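Note that our numbering has the sequence shown beginning at 204, numbered continuously upward. From the three backbone atoms N, C-alpha and C, an ideal C-beta is built for every residue, glycine too. In this text, all values refer to a predicted model and were calculated from it rather than measured experimentally.
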Amino acid sequence: MIDRTKEEFSEVSITAKIMAKYAKSPKVSALHIHVTTVKDQVILAGSVHCKEEIIEAISLTMSVEGVENVTSLLEIRK
204 MIDRTKEEFS
214 EVSITAKIMA
224 KYAKSPKVSA
234 LHIHVTTVKD
244 QVILAGSVHC
254 KEEIIEAISL
264 TMSVEGVENV
274 TSLLEIRK
């Protein structure tokens with residue numbers, strides 16, 4: 204039970220760090236990106252303005268300590 208609690212804390216911490224990076228970036232709008240963290244895997248879902256925003260979101264996510272893999276389900280808004 205304790206191990207899962209530590210894991211959940213780590214997942215919440217990783218998600219918070221990712222969202223903080225998005226908030227500081229002029230290239231990414233965090234309003235429409237949903238971040239899900241499971242262990243060291245991150246899933247990005249939602250919509251963005253352009254392909255460059257997807258690339259930046261993935262790059263910022265990968266720069267967070269503890270992230271090993273990013274799956275992007277981001278779509279470009281029309």
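Discussion item. Please tell me whether residue 276 and residue 247 are closer than 8 Å, where the distance is taken between their beta carbons.
Written reply: As a first step, residue 276 must be located in the sequence shown, where it is residue number 73. As a first step, residue 247 must be located in the sequence shown, where it is residue number 44. Yes; because the gap between Cβ atoms is below 8 Å, this pair is in contact.
Worksheet entry | Closest by C-alpha distance to residue 279, when choosing among 231, 244 and 241 | What you label residue 279 is simply residue 76 of the sequence shown in a count that begins at 1. Selected option, being the one with the closest Cα: 231.
Worksheet item: So the beta strand (DSSP E) residue 248 belongs to, where does it begin and stop?
Response: Taking the first residue of the sequence shown as 1, we reach residue 248 at position 45. Residue 248 -> beta strand (DSSP E) spans 244-251.
Worksheet item: Does the Cβ of residue 204 have 16 or more other Cβ atoms within 10 Å, making it buried, or fewer, making it exposed?
Response: Locating residue 204 in the sequence shown gives position 1, where the first residue counts as 1. Residue confidence is low: residue 204 scores 48 on pLDDT, short of 50, so the model does not pin down where it sits. No coordinate-derived value is stated.
Worksheet item: Under the rule that 16 or more other beta-carbon atoms within 10 Å means buried, what is residue 251, buried or exposed?
Response: Here residue 251 is taken as the residue at index 48 of the sequence shown, counted from 1. Buried is the call here.
Worksheet item: For residue 261, which residues from the same chain have a beta carbon less than 6 Å from its beta carbon, with the 5 sequence-adjacent residues on both sides left out?
Response: Within the sequence shown, numbered from 1, the residue matching residue 261 stands at position 58. Contacts found: 273 and 275.
Worksheet item: Just to confirm, are residue 217 and residue 240 a CB contact at a threshold of 8 Å?
Response: What you label residue 217 is simply residue 14 of the sequence shown in a count that begins at 1. What you label residue 240 is simply residue 37 of the sequence shown in a count that begins at 1. Going by C-beta atoms, residue 217 is nearer than 8 Å to residue 240.
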